[in-house]
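All remarks here apply to the structure that follows.
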Amino acid sequence: MSEHHPPRRPRRETVTYASALGGAVPRPRPQHAPAHSEISEQTTLGHTYVRSLMRSQLRTALTALGALVLLVGPLPLLLALPAPEAAVWIALGVGVHPVIWAVAHWYVRRAERNERDFTGLVER
Numbered sequence: 007m008s009e010h011h012p013p014r015r016p017r018r019e020t021v022t023y024a025s026a027l028g029g030a031v032p033r034p035r036p037q038h039a040p041a042h043s044e045i046s047e048q049t050t051l052g053h054t055y056v057r058s059l060m061r062s063q064l065r066t067a068l069t070a071l072g073a074l075v076l077l078v079g080p081l082p083l084l085l086a087l088p089a090p091e092a093a094v095w096i097a098l099g100v101g102v103h104p105v106i107w108a109v110a111h112w113y114v115r116r117a118e119r120n121e122r123d124f125t126g127l128v129e130r
């Protein structure tokens, strides 16, 4: 009996750009060092990145403070007017606390967004 062998398949070869050129491909050098190393090495550029984050956080905090001063600041003048005691407690309980909560909520979301933007910039 004759044994019948199936035809051999040719060996697969992975072709890459480097193997097509017959050697290693020179990698393009990055134009700028990553921001993370700039910050950790405390270079001038890294210092600029951190100052940018600090400025945006300060701007957010001052905006929240300004909103509170404008919205809650006139409250003592309003409470100095003759009014029933129940109206004063309602103004404090219903009027002030939601305003403070809304400003605080906005501040936290904005500060987290600033940090997320900064992290995205550094890890690019």
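The numbering used here applies: residue 7 is where the sequence shown begins, and numbers increase by one. Positions of the beta carbon are idealized from the N, C-alpha and C atoms, including for glycine.
Could you give the first and the last residue of the continuous alpha helix (DSSP H) run that contains residue i?
i	result
residue 53	50–78
residue 93	91–96
Please determine, among the options, the residue with the shortest C-alpha to C-alpha distance to residue i.
i	options	result
residue 119	17, 66, 45 and 10	66
residue 128	14, 113, 11 and 54	54
residue 108	10, 57, 70 and 51	70
residue 111	73, 15 and 83	73
Note down, in chain order, each residue of its chain lying with its Cβ closer than 8 Å to the Cβ of residue i, except the 5 sequence neighbours on either side.
i	result
residue 59	120, 121 and 124
residue 17	none
Could you give the DSSP three-state label for residue i: helix, strand or coil?
i	result
residue 111	helix
residue 87	coil
residue 18	coil
residue 129	coil
residue 10	coil
Could you check the C-alpha separation between residue i and residue j for me, to the nearest Å?
i	j	result
residue 98	residue 126	41 Å
residue 104	residue 87	22 Å
residue 56	residue 116	17 Å
residue 63	residue 49	21 Å
residue 75	residue 51	36 Å
residue 93	residue 114	31 Å
residue 106	residue 45	35 Å
Going by beta carbon distance, what residues of the same chain come within less than 7 Å of residue i, once the five residues before and after it are set aside?
i	result
residue 102	78 and 81
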